[in-house]
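The listed protein sequences derive, respectively, from chains A and B. Start counting the first sequence at 807; every next residue gets the next number (this note's numbering). Start counting the second sequence at 473; every next residue gets the next number (this note's numbering).
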Amino acid sequence: EDQVTQSPEALRLQEGESSSLNCSYTVSGLRGLFWYRQDPGKGPEFLFTLYSAGEEKEKERLKATLTKKESFLHITAPKPEDSATYLCAVQTHSSGSARQLTFGSGTQLTVLP
Amino acid sequence: NAGVTQTPKFQVLKTGQSMTLQCAQDMNHEYMSWYRQDPGMGLRLIHYSVGAGITDQGEVPNGYNVSRSTTEDFPLRLLSAAPSQTSVYFCASRLTGKDQPQHFGDGTRLSIL
C-alpha cells in the first residue's frame, strides 16, 4: 500500500527564517510527486511536479527537491503570505489508467511578521 | 474562465437525509474526481471519472454515488447521510495527458447532525 507522510504537522517561523518541510513516501514505483499549497477555506493549488531523484524545481521563495525516499520543500526567507498548509501527493505506476493521487496529511506553516 | 465550481459552499443535514453536491468545470477536462478531507488524514479519493459516461470507485466510495452525463458536470450524491460523512468535500479536474496537475474547487463543508 502506498504511504505518504509529511512532517512536521505544524511549523511556525519568523519572517525571514528559512526552513524545510519533509514528505517521505513508500510506494511501489513513483511516477510523480506533486506539491500543493492550500489556504484556509480554499482548495489545494498546484505548485510543482517532480519525477525523478535529483530533480529540483523553484518558484519564488520555494524550492522542491526529490530523493528516492523523500521530497523536501525548502522555503527561503519566508514572508507572512507564505502561511498555508502544504500538501504533497504521489502518483505511482500502479495508480491505474486514471493515475490517482495519494496525499499526505499536510504541514501547516505559519510565518510570523 | 471560472475553473472548478462547487456548490453549495456549506450545508447542514440530518442523519438519513440525501443531497447532491454539485461540481462543474469549464476547462474541458476529461478527468474529474471527488475527495474528502478530514483532519489529520489528508485528501482521500471517493470516486472519479475519466470521461462522460465513465465512473469508478476510489479509496472511500461507500455511501456515495456519482454519474457523469456531460464533460462539465460531476455531481456527488449522498444517499443516506451519516455523521461519519461530516467532512470537507473537494472536486478536482485535469487533462488526461502525462501527469497533468489537478485543479481543485474551493470545497463544500458538510455537517451531518
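In this text, a Cβ means the ideal position worked out from N, Cα and C, and glycines have one as well. Since this is a predicted model, take the numbers as computed values, not measurements.
Requested in this report: Can you say whether Ile881/A is buried or exposed, counting buried as having 16 or more other CB atoms within 10 angstroms of its CB?
Outcome: Flag for Ile881/A reads buried.
Query - Test item: CB-CB of Ser911/A and Gln812/A under 7 Å - result: yes
Query raised in the report: Shorter than 7 Å from the beta carbon of Pro850/A to some beta carbon of chain B?
Result: yes
Query raised in the report: Is Ala899/A buried or exposed, if buried means 16 or more other CB atoms sit within 10 Å of its CB?
Result: Reading the sequence as shown, one finds His at residue 899/A and not Ala. Per the 10 Å Cβ criterion, exposed.
**Report entry** Closest by C-alpha distance to Ser565/B, when choosing among Val833/A, Phe852/A, Lys875/A and Leu918/A
**Finding:** When only C-alpha atoms are compared, the closest one is Phe852/A.
Requested in this report: Give, in chain order, every residue of the region 509–522 of chain B whose Cβ lies closer than 7 Å to some Cβ of chain A.
Outcome: Gly512, Met513, Gly514, Leu515, Leu517, Tyr520 and Val522
Requested in this report: Go ahead and pull the three-state DSSP assignment for Asp528/B.
Outcome: Three-state result, Asp528/B: strand.
Requested in this report: Determine the contact status of Leu515/B and Gln509/B, defining contact as a CB-CB distance below 7 Å.
Outcome: The answer is yes: Cβ separation under 7 Å.
Query raised in the report: Just the Cα atoms here: how many angstroms apart are Gly475/B and Gly577/B?
Result: Taking the straight line joining both Cα atoms gives about 8 Å.
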